[in-house]
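Participant:
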Amino acid sequence: MRGGNLRIALETTSHDIQADATIPGYKRNCNNHSTSLLSTPVWTMYCNGRRAGYAVRRRPGKNDLEALKLMGSVVTGAGVISKKELNNAPNDVVGDDELMYLRANFERVCGSENSESFHLIDPDESIGQELSVFFYRSR
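Its first residue numbered 410, the sequence shown is counted upward by one per residue in my numbering.
Okay, structure coming up:
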């Protein structure tokens, strides 16, 4: 992972999505509306202003949860977990024999019922990465 600015924008045109109260830790969106912007299942994805394809909301699988357990002791930082450490995880999870990760705290900013963003908090500037993820509903 190289340092620098990374802006990920996820856009949806959906307006009738009902909030999924079965998600652990679910709360109403920032402005206390009954529909949640983050419950949208399909997004158009942009990376640094360029269209990058689509993103799909999904529940984590068993292999995803195992990878997250390995990072349990990491508070903040970036790194690589080898396939060997993932206990023979299948190739569709690990890809090229390693899993890159970035773990940090994020600040949540609520613009309106149609926009929310998360910004990487790096108080020590130790990560060397500026990352923002924007979710917005276009009209």
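Backbone N, C-alpha and C fix where the C-beta goes; we use that ideal spot for every residue, glycine too. Predicted model, so just to flag it, every value in this text is computed and none were measured.
List the endpoints of the continuous beta strand (DSSP E) containing Glu420.
Facilitator: Gly413 to Thr421
Participant: Pairs of beta-carbons, one from the segment 455-463 and one from the segment 477-496, closer than 8 Å: are there three or more?
Facilitator: Counting Cβ pairs under 8 Å, fewer than three are found: no touch.
Participant: Residues in its own chain within less than 6 Å of Arg416 by CB, not counting five upstream and five downstream?
Facilitator: Excluding the 5 residues flanking it on each side, Arg416 has same chain C-beta neighbours closer than 6 Å at Asn457 and Ser541, in chain order.
Participant: Among Ile530, Phe544, Asp506 and Ala418, which one has its Cα closest to the Cα of Gly520?
Facilitator: When C-alpha distances from Gly520 are compared across Ile530, Phe544, Asp506 and Ala418, the shortest belongs to Phe544.
Participant: Using only the alpha-carbon positions, how far apart do Pro450 and Glu522 sit?
Facilitator: Near 17 Å, if we compare the C-alpha coordinates of Glu522 and Pro450.
Participant: Given this structure, state the Cα-to-Cα distance separating Lys585 from Ser448, to the nearest angstrom.
Facilitator: The shown model of the chain, from 410 to 548, leaves out residue 585, and the question about it has no answer.
Participant: Using C-beta distances below 6 Å, list every residue in its chain close to Leu511, excluding the 5 sequence neighbours before and after it, in chain order.
Facilitator: Ala487
Participant: Quick one: what does DSSP say Asn457 is sitting in, helix, strand or coil?
Facilitator: Note: Asn457 maps to coil in three-state DSSP.
Participant: Could you tell me the alpha carbon to alpha carbon distance between Gly549 and Leu419, rounded to whole angstroms?
Facilitator: Residue 549 lies beyond the range of the chain shown here (410 to 548); nothing can be said about it.
Participant: What are the start and end residues of the alpha helix (DSSP H) that includes Asn514?
Facilitator: Careful: Asn514 lies outside any alpha helix (DSSP H), inside the beta strand (DSSP E) at Asn514 to Ser521.
Participant: How many angstroms separate the CA atom of Ser549 from the CA atom of Arg466?
Facilitator: Here the chain covers residues 410 to 548 and nothing more, so residue 549 does not appear.
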